[in-house]
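Reading through the structure tokens given below for one structure.
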Amino acid sequence: TKMLSGGGAKMPAEDLLKMEGMTEELANQFAKKGISTMEDLAEQSVDDLQAITDISKEEAGRLIMTARAPWFK
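So in the numbering used here the end of the sequence shown lands on 76, straight run, no missing numbers.
Dropping the structure here:
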């Protein structure tokens, strides 16, 4: 997995904000760590997301799989 840092966008992209299961608060927390798009989120691991915010493993897994869904279309 690739943990993004610092230099990325600080605002979440529209696709991340509109993603099923995503809240504005979570999207902003992720964007501060360089995860600003669904593609960025799809490249993360459950552990990566849990290091950023205190979501459960199950919730982190759901968000990652939702972000990865376009890969399988």
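All residues carry an ideal CB built from backbone N, CA and C; glycine is no exception.
Check: Among Asn31, Met41, Ala16 and Gly37, which has the Cα closest to the Cα of Leu66?
Finding: Counted from its first residue, the sequence shown places residue 66 at position 63. Cα-wise, what sits closest to Leu66 is Met41.
Item checked: Rounded distance between the beta-carbons of Lys36 and Ile55, thought under 8 angstroms -> On the sequence shown, position 52 is the one that residue 55 refers to. On the sequence shown, position 33 is the one that residue 36 refers to. Right, the Cβ-Cβ distance comes to about 5 angstroms (below 8 angstroms), so this counts as a contact.
Notebook entry, point to check: Are there 16 or more other CB atoms within 10 angstroms of the CB of Ala72, so buried, or fewer, so exposed?
Noted result: On the sequence shown, residue 72 is found 69 positions in, with the first residue counted as 1. When all chains shown are included, Ala72 counts as exposed.
Next item on the list: For Asp51, count neighbouring C-beta atoms within 10 Å of its own C-beta (all shown protein chains included) and say buried if the count is 16 or more, exposed if not.
Entry: Walking along the sequence shown from the start, residue 51 turns up at place 48. When all chains shown are included, Asp51 counts as buried.
Notebook entry, point to check: For Asp57, is the classification buried or exposed, using 16 other Cβ atoms within 10 angstroms of its Cβ as the cut-off for buried?
Noted result: If you number the sequence shown from 1, residue 57 lands on position 54. With fewer than 16 Cβ atoms within 10 Å of its Cβ, Asp57 is classed as exposed.
Checklist line | Assigned exposure category for Gly9 - 16 Cβ within 10 Å defines buried | finding: Locating residue 9 in the sequence shown gives position 6, where the first residue counts as 1. For Gly9, the predicted structure reports a pLDDT of 49, less than 50, and the residue's modelled location is therefore unreliable. A value from the coordinates is still provided. Gly9 counts as exposed, since fewer than 16 other beta carbons sit within 10 angstroms of its beta carbon.
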